[in-house]
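This report concerns only the one structure given below.
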Amino acid sequence: MVLFDDPMPRDYYTAQKVMSGCQLLLIIGSSLQVQPVASLPDLSRQVVIINREPTPRDETAELVFREPASQVLGDLARALKDLQGPYFQGK
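Start counting the sequence shown at 1; every next residue gets the next number (the UniProt record's numbering).
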C-alpha cells in the first residue's frame, strides 16, 4: 500500500522499464482504475484485456474479452498448443 506523498515502491519503476519494451500485454481481471499503475499499459505496444466489466482502456486495446479469464485462457492455450516453432513447445 502506498499512502499520499509516499514514494512509489522500487517494483513500480521496474514494471515501467519492463512495460516500455513489452510487445503484447495481457491484462487479466483488472478494472484499471487505480493510478499510477493504471497508466502502465500505455507503455506497451499492444494490449489485450480480459475482464468481465468495461475498463477505461477498452477503446485503445487490440482485443477485449468479457468472458471469464479461465475460459479465455483455456481457449488460448488450446489454440496455441499445436503451433510449431522455436517459441512453442506444445504437446
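We treat Cβ as the ideally placed atom computed from N, Cα and C, and that holds for glycine.
Values in this document were obtained by computation on a predicted structure and should not be read as measured data.
Q) Between which two residues does the alpha helix (DSSP H) containing Val72 stretch? A) As a first step, residue 72 is located in the sequence shown; it is residue number 72 there, counting from the start. Counting along the chain, the alpha helix (DSSP H) containing Val72 begins and ends at Ala69 to Leu80.
Q. Going by Cα to Cα distance, which pick from Lys81, Leu25, Arg78 and Leu43 is closest to Val64?
A. What you label residue 64 is simply residue 64 of the sequence shown in a count that begins at 1. Val64 has its Cα closest to that of Leu25, out of Lys81, Leu25, Arg78 and Leu43.
Q: Measure the alpha-carbon distance for Leu43 versus Pro54 and round it to whole angstroms.
A: Taking the first residue of the sequence shown as 1, we reach residue 43 at position 43. Taking the first residue of the sequence shown as 1, we reach residue 54 at position 54. Straight-line Cα distance between these residues: approximately 20 Å.
Q | Neighbourhood of Tyr12 by C-beta distance below 8 Å, restricted to the same chain and skipping five residues each side | A | As a working note, residue 12 is residue 12 in the sequence shown. Cβ neighbours of Tyr12 beyond the five flanking positions: Pro36 and Val37.
Q | Backbone secondary structure at Leu83 - three-state DSSP | A | Numbered from 1 along the sequence shown, position 83 holds the residue referred to as residue 83. Of the three classes helix, strand and coil, the one that applies to Leu83 here is coil, per DSSP.
Q) Between the beta-carbon of Arg57 and the beta-carbon of Cys22, is there less than 8 Å? A) Your numbering for residue 57 matches position 57 in the sequence shown. Your numbering for residue 22 matches position 22 in the sequence shown. No, these two residues do not count as a Cβ contact at 8 Å.
(Q) Here's the rule I'm using: 16 or more other beta-carbon atoms within 10 Å means buried, otherwise exposed. How should Pro7 be labelled? (A) Stepping through the sequence shown from its first residue, residue 7 is reached at position 7. Per the 10 Å Cβ criterion, exposed.
Q: Flag Leu76 as yes when its Cβ comes closer than 7 Å to any non-hydrogen atom of the ligand MN, and as no otherwise.
A: The ligand MN is not part of the structure shown, which contains no ligands of any sort.
Q: Report buried or exposed for Val18, applying the criterion of at least 16 other Cβ atoms within 10 angstroms of its Cβ.
A: On the sequence shown, residue 18 is found 18 positions in, with the first residue counted as 1. Taking a 10 Å sphere around the C-beta of Val18, we find fewer than 16 other C-beta atoms and assign the residue as exposed.
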